[in-house]
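Following the working numbering from start to finish, the sequence shown increments by one per residue and tops out at 572.
A quick write-up on the structure given underneath.
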Amino acid sequence: MTRCVYQAARRISNTSSARIASTVVDIKLTTATFWTSSLSSFLKESLNSESDWSERVDELDSMLRH
Numbered sequence: 507m508t509r510c511v512y513q514a515a516r517r518i519s520n521t522s523s524a525r526i527a528s529t530v531v532d533i534k535l536t537t538a539t540f541w542t543s544s545l546s547s548f549l550k551e552s553l554n555s556e557s558d559w560s561e562r563v564d565e566l567d568s569m570l571r572h
């Protein structure tokens, strides 16, 4: 699962940063349109349950916003 998340983050970071930067602030990580439905569900569950993945999901959110 980690591999999928980081691959998605890498794809996003390779796109136009200026175009993304203006809208990223307003988008919740779990509702971003680039996730598959299963990955979005995983992210939501991880954050809501404070699982072992919570910290990694928070790190991903931060990485995508900077």
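Glycine is no exception: its CB is placed at the ideal position from the N, C-alpha and C atoms.
Collapsed DSSP secondary structure at residue i in the structure displayed
| i | result |
| --- | --- |
| Phe540 | coil |
| Asp558 | coil |
| Asp567 | helix |
| Lys534 | coil |
| Ala524 | Because Ala524 sits at a pLDDT of 48, beneath the cut-off of 50, its placement in the model cannot be relied upon, and the following sentence gives the value as read from the coordinates. Here Ala524 sits in helix by DSSP. |
Beta-carbon gap between residue i and residue j smaller than 9 Å
| i | j | result |
| --- | --- | --- |
| Leu570 | Leu553 | no |
| Ser546 | Thr537 | yes |
| Ser557 | Glu565 | no |
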